[in-house]
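Participant: First, the structure itself, so that you have it in front of you.
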Amino acid sequence: MSGDLIPHQADATPAVYDAATLAVLHAMEEAAEQHLDSLIPKNTKRGYENDWDLWKEFHAWLAERTGHHMPLTAVTKGTLVGFVVWLDTIKLAAPTSIDRRITGVTVTARREHGVEVPKEATVAARKALKPLKNDEDRIARGRGAAKAATPEQLKQMAAAVPDSLTGLRDRALWLMAFFIAGRSAEVAALRAEGITLHSQGLKVRVPGVKGRPAREVVVISGKNPDLCPVRAWSTWKAASGITTGAAFRAIDVWGHIADRHLTAEAVRDIIARNAERAGVAVRLTGHSMRAGFITASRRAGKREEKIREQSGHAENSPAFWGYIREADKWTDAASEGIL
192 MSGDLIPHQA
202 DATPAVYDAA
212 TLAVLHAMEE
222 AAEQHLDSLI
232 PKNTKRGYEN
242 DWDLWKEFHA
252 WLAERTGHHM
262 PLTAVTKGTL
272 VGFVVWLDTI
282 KLAAPTSIDR
292 RITGVTVTAR
302 REHGVEVPKE
312 ATVAARKALK
322 PLKNDEDRIA
332 RGRGAAKAAT
342 PEQLKQMAAA
352 VPDSLTGLRD
362 RALWLMAFFI
372 AGRSAEVAAL
382 RAEGITLHSQ
392 GLKVRVPGVK
402 GRPAREVVVI
412 SGKNPDLCPV
422 RAWSTWKAAS
432 GITTGAAFRA
442 IDVWGHIADR
452 HLTAEAVRDI
462 IARNAERAGV
472 AVRLTGHSMR
482 AGFITASRRA
492 GKREEKIREQ
502 SGHAENSPAF
512 WGYIREADKW
522 TDAASEGIL
């Protein structure tokens with residue numbers, strides 16, 4: 192390549208190119224952009240287009256509330272964090288989906304509109320996103336709605352529980368998860384001294400996890416001995432000898448009980464494994480117990496505020512009201528009895 196294309200750097204004076212050189216550089220810039228664009232998979236491009244469409248929708252939603260239409264190129268700390276909150280609370284998007292949307296908007300702003308998004312804006316957006324990635328209600332959105340465990344499925348699971356120490360633990364664990372409407376991380380963190388026996392059932396202190404406050408709930412004794420959470424807990428507690436510390440623990444092949452808490456992942460695996468062993472037709476997960484309790488409780492006519500006390504949902508939680516709508520779907524249906 193000719194040395195004429197390399198600017199002289201003897202001093203700090205900006206290089207001055209002749210017209211021919213500028214034309215060549217401009218052509219190379221365009222060629223580079225085209226080449227880089229050709230390397231992006233078509234699916235990724237379609238994804239970026241969808242991300243920008245959502246960005247447009249967010250701006251329209253924002254304009255309705257502020258009375259002012261801002262340019263789409265206004266990708267700032269405020270608008271990008273607002274976009275995260277909108278996707279979470281209005282669109283009920285999964286955290287992983289929101290993460291991709293942040294990338295899609297910033298890439299499109301740069302490549303299609305020549306706007307360099309400030310680093311502080313993307314850092315702030317992902318800071319706002321971080322706690323959402325630890326919330327099982329939100330994570331479940333990305334997997335599709337968790338299948339709510341039904342009373343009939345719990346009966347199936349109870350009938351298939353093995354007659355062993357592990358079986359006693361498993362039954363107590365998934366019944367506890369159901370009746371406290373617990374997240375897997377909450378069930379994993381339960382402590383034996385936080386579960387106390389009373390005349391009508393159990394008082395359970397559900398630990399605060401991942402920044403959420405702790406809560407105290409009551410679990411009433413059940414009529415069916417195979418599905419009674421009070422009986423299942425008392426039996427496991429007596430068999431294991433656990434009085435303090437982790438309520439549910441790992442058990443090795445020799446029947447030795449560990450001295451530490453299960454992980455949230457282990458709780459999910461135990462629930463899934465028990466459902467599979469029982470031949471439950473759908474895959475149940477840790478979140479299925481939480482969703483199942485809310486759905487079954489609502490269908491039994493329980494008040495929303497009492498259900499929220501048990502589950503720990505905020506009054507304006509979109510996830511909670513989604514469960515309620517699902518539970519109410521067949522109650523006083525608009526199509527019932529009109530002909």
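Numbering-wise, the sequence shown is residues 192 to 530 according to this note's numbering.
Ideal Cβ positions, reconstructed from N, Cα and C, are used throughout, including at glycine.
Helix, strand or coil for Asp523, going by three-state DSSP, please let me know.
Facilitator: In the sequence shown, residue 523 corresponds to position 332, counting from 1. Three-state result, Asp523: coil.
Participant: Under 8 Å, do Val397 and Val408 count as touching if we go by C-beta distance?
Facilitator: Position 206 of the sequence shown, counting from 1, holds the residue named residue 397. Position 217 of the sequence shown, counting from 1, holds the residue named residue 408. Yes, the Cβ-Cβ distance between Val397 and Val408 is below 8 Å.
Participant: Spatial neighbours of His259 within its chain, please: CB distance less than 7 Å, with the 5 preceding and 5 following residues excluded, ordered by chain position.
Facilitator: Taking the sequence shown and counting its residues from 1, one reaches residue 259 at position 68. Cβ neighbours of His259 within its own chain (closer than 7 Å, five residues either side excluded): none.
Participant: Kindly list the residues whose CB is nearer than 7 Å to the CB of Thr434, restricted to its own chain and excluding five residues on each side of it in sequence; keep chain order.
Facilitator: Numbered from its first residue, the sequence shown carries residue 434 at position 243. If we look at Thr434 and ignore the five residues flanking it on each side, its Cβ neighbours are Ala383.
Participant: Around the C-beta of Pro420, are 16 or more other C-beta atoms found within 10 angstroms, so that it is buried, or is it exposed?
Facilitator: Taking the sequence shown and counting its residues from 1, one reaches residue 420 at position 229. Buried, since its Cβ has 16 or more Cβ neighbours within 10 Å.
Participant: Name the DSSP bridge partner or partners of Val395?
Facilitator: Translated into the one-based positions of the sequence shown, residue 395 becomes position 204. Looking at the DSSP assignment, Val395 forms a beta bridge with Ile386, Val408.
Participant: DSSP puts Ile529 in a beta bridge; with which residues?
Facilitator: As a first step, residue 529 is located in the sequence shown; it is residue number 338 there, counting from the start. Ile529 pairs with nothing; no bridge assigned.
Participant: Please classify Asp361 as buried or exposed, where buried requires at least 16 neighbouring CB atoms within 10 angstroms.
Facilitator: Stepping through the sequence shown from its first residue, residue 361 is reached at position 170. With 16 or more Cβ atoms within 10 Å of its Cβ, Asp361 is classed as buried.
Participant: Does DSSP classify Arg403 as helix, strand or coil?
Facilitator: Within the sequence shown, residue 403 is the residue found at index 212, counting from 1. It is coil, neither helix nor strand.
Participant: Would you call the CB atoms of Ser508 and Ala455 closer than 8 Å?
Facilitator: Counting from one through the sequence shown, the residue named residue 508 turns up at place 317. Counting from one through the sequence shown, the residue named residue 455 turns up at place 264. Not a contact, by the Cβ cut-off of 8 Å.
Participant: Check the DSSP bridge columns for Ile133 and list the partner residues they point to.
Facilitator: Any property of residue 133 remains undetermined from this structure, which presents the chain solely from 192 to 530.
Participant: Label Arg332 either buried or exposed according to how many other C-beta atoms from any shown protein chain fall within 10 Å of its C-beta, with 16 as the threshold for buried.
Facilitator: Position 141 of the sequence shown, counted from the start, is the residue given in the question as residue 332. Buried, since its Cβ has 16 or more Cβ neighbours within 10 Å.
Participant: Counting pairs of Cβ atoms below 8 Å between the region 248 to 264 and the region 274 to 283, do you hit three or more?
Facilitator: yes
Participant: Between Arg403 and Lys236, what straight-line distance do the alpha-carbon atoms span, to the nearest angstrom?
Facilitator: What you label residue 403 is simply residue 212 of the sequence shown in a count that begins at 1. What you label residue 236 is simply residue 45 of the sequence shown in a count that begins at 1. Rounded to the nearest angstrom, the two C-alpha atoms are 38 Å apart.
Participant: Would you report the Cα separation of Val458 and Gly413, rounded to the nearest angstrom?
Facilitator: Residue numbering aside, residue 458 sits at position 267 when the sequence shown is read from its first letter. Residue numbering aside, residue 413 sits at position 222 when the sequence shown is read from its first letter. Looking at the two C-alpha atoms, the distance is approximately 23 Å.
Participant: Does Ala437 come out as helix, strand or coil in the three-state DSSP assignment?
Facilitator: For the purposes of this step, residue 437 is taken as residue 246 along the sequence shown, with counting starting at 1. In this structure, Ala437 counts as strand in the three-state DSSP scheme.
Participant: Rounded to a whole number of angstroms, what is the C-alpha to C-alpha distance between Ala525 and Glu517?
Facilitator: As a first step, residue 525 must be located in the sequence shown, where it is residue number 334. As a first step, residue 517 must be located in the sequence shown, where it is residue number 326. Answer to the nearest angstrom: the Cα atoms are 14 Å apart.
Participant: Can you give the Cα-Cα distance for Ala423 and Asp290, rounded to whole angstroms?
Facilitator: In the sequence shown, residue 423 corresponds to position 232, counting from 1. In the sequence shown, residue 290 corresponds to position 99, counting from 1. Whole-angstrom Cα-Cα distance: 41 Å.
Participant: Can you tell me which of the three DSSP states Pro232 falls into?
Facilitator: By one-based count along the sequence shown, residue 232 stands at place 41. Pro232 falls in the coil class under three-state DSSP.
Participant: Pairs of beta-carbons, one from the region 293 to 309 and one from the region 443 to 451, closer than 8 Å: are there three or more?
Facilitator: no
Participant: Quick one: Cα of Asn415 to Cα of Glu311, how far?
Facilitator: Translated into positions along the sequence shown, residue 415 becomes position 224. Translated into positions along the sequence shown, residue 311 becomes position 120. Asn415 and Glu311 have their C-alpha atoms roughly 57 Å apart.
Participant: If you run the structure through DSSP and keep just helix, strand and coil, what is Val160?
Facilitator: Residue 160 falls outside the range modelled here, since the chain spans only 192 to 530, and no answer is possible.
Participant: Compute the beta-carbon to beta-carbon distance between Ala430 and Leu359, rounded to the nearest angstrom, for a pair I have assumed lies under 8 Å.
Facilitator: Along the sequence shown, read from residue 1 onward, the residue named residue 430 stands at position 239. Along the sequence shown, read from residue 1 onward, the residue named residue 359 stands at position 168. That pair is a contact at about 5 Å.
Participant: Apply the 10 Å Cβ neighbour rule to Tyr514 and answer buried if 16 or more other Cβ atoms are within range, or exposed otherwise.
Facilitator: Numbered from its first residue, the sequence shown carries residue 514 at position 323. It counts as buried.
Participant: Helix, strand or coil for Tyr208 per DSSP?
Facilitator: Sequence index remark: in the sequence shown, residue 208 carries index 17 (1-based). Here Tyr208 sits in coil by DSSP.
Participant: Please report the distance separating the alpha-carbon of Ile498 from that of Ala349.
Facilitator: The residue labelled residue 498 in the question sits at position 307 within the sequence shown. The residue labelled residue 349 in the question sits at position 158 within the sequence shown. Distance between the alpha carbons of Ile498 and Ala349 is about 24 Å.
Participant: Determine the DSSP secondary structure at Gln200, reduced to helix, strand or coil.
Facilitator: Against the sequence shown, residue 200 aligns to sequence position 9. Since pLDDT at Gln200 reaches only 49, below the 50 mark, its modelled position is unreliable, and the value read off the structure follows with that caveat. Coil.
Participant: DSSP on Ala556, reduced to helix/strand/coil?
Facilitator: Nothing can be reported for residue 556: it is not among the residues displayed for the chain, which extend from 192 to 530.
Participant: Cα separation between Thr357 and Ala449?
Facilitator: The sequence position of residue 357 within the sequence shown is 166, counting from 1. The sequence position of residue 449 within the sequence shown is 258, counting from 1. Each residue's Cα considered, the two are about 12 Å apart.
Participant: Which residues mark the beginning and the end of the alpha helix (DSSP H) in which Ala265 is found?
Facilitator: Walking along the sequence shown from the start, residue 265 turns up at place 74. Unbroken run through Ala265: none, as it is neither H nor E.
Participant: Between which two residues does the alpha helix (DSSP H) carrying Pro567 extend?
Facilitator: No answer is possible for residue 567: the residues shown for the chain start at 192 and end at 530.
Participant: If you follow the alpha helix (DSSP H) that Val421 is part of, which residue opens it and which one closes it?
Facilitator: As a first step, residue 421 must be located in the sequence shown, where it is residue number 230. Val421 -> alpha helix (DSSP H) spans 420 to 431.
Participant: Can you find the residues in the same chain that come closer than 6 Å, C-beta to C-beta, to Phe274, ignoring five residues on each side of it along the sequence?
Facilitator: Locating residue 274 in the sequence shown gives position 83, counting from the first residue. The residues are Phe249.
Participant: Enumerate in chain order the residues of its own chain whose CB-to-CB distance from Glu224 is below 7 Å, with the five nearest sequence positions on each side excluded.
Facilitator: Here the question's residue 224 lines up with position 33 in the sequence shown. Same-chain partners within the cutoff: there are none.
Participant: Can you list, in chain order, the residues of its chain with a C-beta nearer than 8 Å to that of Ala351? Leave out the 5 residues immediately preceding and following it.
Facilitator: In the sequence shown, residue 351 corresponds to position 160, counting from 1. Cβ within range, chain order: Asn465, Arg468, Ala469, Gly470.
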